[in-house]
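Enquirer: Heads up: the sequence shown begins at 2 in this note's numbering, then just goes up one per residue. The C-beta atom is built at its ideal place from N, Cα and C for all residues, glycine as well. Got a structure here, written out as structure tokens. Questions coming.
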Amino acid sequence: MGAPLLWLLAAVLLCARAASGTGNNIWTAIDVSSHRTLLTCKLKEAISAPIEGHRWLKGDKVLKEDKSDSLTTEYEVVSDDRSGEYQCIFLPELAGKADVQVKGPPKVYINKKSEYGNEGDSIVLTCKSSSYPSIEQWKWYKENEGEANMILVNDTEGRMSIISTPEKTELHINSADIKEDPGKYICNGTNSEGSDTAVITLKVRSRLAALWPFLGIVAEVLILVIIIFIYERRRRTDDIVEAEPPRDEDGGAAPLKASSAVNEKGSNIRQRNSN
Ligand SMILES: *[C@@H]1O[C@H](CO)[C@@H](O)[C@H](O)[C@H]1NC(C)=O
Ligand SMILES: *[C@@H]1O[C@H](CO)[C@@H](O)[C@H](O)[C@H]1NC(C)=O
2 MGAPLLWLLA AVLLCARAAS GTGNNIWTAI DVSSHRTLLT CKLKEAISAP IEGHRWLKGD
62 KVLKEDKSDS LTTEYEVVSD DRSGEYQCIF LPELAGKADV QVKGPPKVYI NKKSEYGNEG
122 DSIVLTCKSS SYPSIEQWKW YKENEGEANM ILVNDTEGRM SIISTPEKTE LHINSADIKE
182 DPGKYICNGT NSEGSDTAVI TLKVRSRLAA LWPFLGIVAE VLILVIIIFI YERRRRTDDI
242 VEAEPPRDED GGAAPLKASS AVNEKGSNIR QRNSN
């Protein structure tokens with residue numbers, strides 16, 4: 002976010018310290034040129050066991066590992082986030098390690114540019130930094146259209162609270178409000194070398210919107226039930242129509258009677274004929 006020039010200016014004010022492991026046996030250096038920062042660790046005297054490799058870390062993140070037997074190892078910081086606590090480790094594990102602290106203005110990170118929540122939900126917005134020196138002060142603002150950003154603090158009802166450590170800050174919103182809470186939230190981290198900000202956009206959906214998928218399923222099921230019901234009814238009335246002649250006494254029996262009458266007449270005729 003900050004101009005590269007600023008980063009450079011700040012990165013020139015660097016400090017390197019060797020510590021821990023076989024500690025003072027390692028010489029460290031930070032070399033800053035116009036477009037890169039080179040970190041170097043050098044074992045001052047050969048130790049009894051041969052070196053089997055090197056590992057570089059920033060925080061607990063492994064940046065680089067090799068299997069060279071060299072007594073010197075280098076790491077080039079290419080990202081614009083130079084500031085932080087690095088560590089070089091000579092392998093096997095106990096051969097030696099040293100911290101290399103690159104002092105500089107912080108870089109603030111967010112997980113996602115946009116967060117979504119449902120009305121009434123608890124929402125947590127998080128900003129992080131691994132800068133050195135670590136963040137002394139975290140601040141949260143809410144963008145206020147056309148006006149100065151509004152600073153956010155713990156409110157008395159406990160609806161909004163801020164929990165910060167040097168590495169991260171969390172803005173907790175309890176029971177998100179669809180009118181008040183959506184918008185752009187800005188976190189600002191400051192250390193002795195400078196500050197950086199990050200912006201998170203919060204969107205809050207209405208409870209009803211959250212219900213839509215469920216209502217959709219209910220509607221689908223209802224329509225299916227209605228279709229089946231209508232179909233079943235039709236089929237039943239069709240069955241009744243087909244089953245009508247034998248069942249209906251007035252309608253169904255009449256033709257039978259008529260035909261039997263004919264038969265009777267016929268038989269009468271036959272009878273008469275036979276007479
Ligand atoms: C705000 O509230 C959180 C959690 O309740 C607490 O940890 C923090 O210290 C409070 N901050 C201030 C400035 O009171
Ligand atoms: C962040 O906070 C620092 C310290 O209060 C302030 O000097 C700086 O202007 C702030 N940056 C922004 C972008 O608000």
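From the DSSP output, in three-state form, read off asparagine 1 for me.
Expert: This structure gives no information on residue 1, because the portion of the chain shown stretches from 2 to 276.
Enquirer: Does ligand 1 have even one heavy atom less than 7 Å from the beta-carbon of isoleucine 163?
Expert: On the sequence shown, residue 163 is found 162 positions in, with the first residue counted as 1. Isoleucine 163 Cβ: within cutoff of ligand 1.
Enquirer: Quick one: what's glycine 118 bridged to in DSSP?
Expert: For the purposes of this step, residue 118 is taken as residue 117 along the sequence shown, with counting starting at 1. In the DSSP output, where bridge partners are listed per residue, glycine 118 has Val205.
Enquirer: Looking at the unbroken beta strand (DSSP E) that takes in glutamate 144, where does it start and where does it end?
Expert: Position 143 of the sequence shown, counted from the start, is the residue given in the question as residue 144. Counting along the chain, glutamate 144 falls outside any beta strand (DSSP E), and DSSP gives it neither H nor E.
Enquirer: Give the single residue among Ala220, Asp197 and Asp239 whose Cα lies nearest to the Cα of isoleucine 111.
Expert: Position 110 of the sequence shown, counted from the first residue, corresponds to residue 111. For the residues Ala220, Asp197 and Asp239, the minimum Cα distance to isoleucine 111 belongs to Asp197.
Enquirer: Threonine 74 bridges to which residues according to DSSP?
Expert: Here residue 74 refers to the residue found at position 73 when the sequence shown is read from its first residue. According to DSSP, which records beta bridges pairwise, threonine 74 is partnered with Cys42.
Enquirer: Can we count lysine 185 as close to ligand 2, meaning its CB is less than 7 Å from some heavy atom?
Expert: Locating residue 185 in the sequence shown gives position 184, counting from the first residue. Not under cutoff, so the answer is no.
Enquirer: Give, in chain order, every unbroken run of the beta strand (DSSP E) that is at least 3 residues long and sits entirely within the segment 151 to 236.
Expert: Runs of the beta strand (DSSP E) inside the segment 151 to 236: 151 to 153, 161 to 165, 169 to 174, 184 to 192 and 195 to 206.
Enquirer: What is the DSSP secondary structure of alanine 96, counted as helix, strand or coil?
Expert: For the purposes of this step, residue 96 is identified with residue 95 of the sequence shown, where counting begins at 1. Here alanine 96 sits in helix by DSSP.
Enquirer: Just confirm the distance between the C-beta atoms of alanine 177 and glutamate 116, as a whole number of angstroms; I'd bet it's less than 8 Å.
Expert: Locating residue 177 in the sequence shown gives position 176, where the first residue counts as 1. Locating residue 116 in the sequence shown gives position 115, where the first residue counts as 1. Rounded, the Cβ-Cβ distance is 10 Å, inconsistent with contact.
Enquirer: Specify the secondary structure class of isoleucine 52 as computed by DSSP and reduced to three states.
Expert: Translated into positions along the sequence shown, residue 52 becomes position 51. Looking at isoleucine 52 - three-state DSSP - the assignment turns out to be coil, as it is neither helix nor strand.
Enquirer: Give the range of the beta strand (DSSP E) segment to which lysine 62 is assigned.
Expert: On the sequence shown, residue 62 is found 61 positions in, with the first residue counted as 1. Residues 62 to 67.
Enquirer: Any heavy atom of ligand 1 inside 7 Å of the beta-carbon of asparagine 189?
Expert: Here residue 189 corresponds to residue number 188 of the sequence shown, with the count starting at 1. False, no ligand heavy atom lies under 7 Å from that Cβ.
Enquirer: Going by DSSP, name the residue or residues bridged to glycine 105.
Expert: As a position in the sequence shown, residue 105 is number 104, starting the count at 1. Beta-bridge pairing links glycine 105 to no other residue.
Enquirer: Return yes when at least one heavy atom of ligand 2 lies under 7 Å from the C-beta of lysine 140, else no.
Expert: The residue you call residue 140 lines up with position 139 of the sequence shown. Within the cutoff, so yes.
Enquirer: Could you tell me which of Ser69, Asn175, Arg236 and Glu144 sits nearest to glycine 184, measuring between CA atoms?
Expert: Numbered from its first residue, the sequence shown carries residue 184 at position 183. Ranking Ser69, Asn175, Arg236 and Glu144 by Cα distance to glycine 184 puts Glu144 first.
Enquirer: Quick test of the definition: if touching needs 3 or more C-beta pairs under 8 Å, does the segment 77 to 96 touch the segment 165 to 174?
Expert: With the cut-off at 8 Å, the segment 77 to 96 and the segment 165 to 174 do not touch.
Enquirer: I need the boundaries of the beta strand (DSSP E) containing isoleucine 136, first residue and last residue.
Expert: Locating residue 136 in the sequence shown gives position 135, where the first residue counts as 1. Note, isoleucine 136: premise wrong, no beta strand (DSSP E); not H, not E.
Enquirer: If you reduce the DSSP assignment to three classes, tell me which class aspartate 240 lands in.
Expert: Locating residue 240 in the sequence shown gives position 239, counting from the first residue. Aspartate 240 falls in the helix class under three-state DSSP.
Enquirer: So, do the segment 43 to 54 and the segment 93 to 108 have three or more beta carbon pairs nearer to each other than 8 Å?
Expert: The segment 43 to 54 is in contact with the segment 93 to 108.
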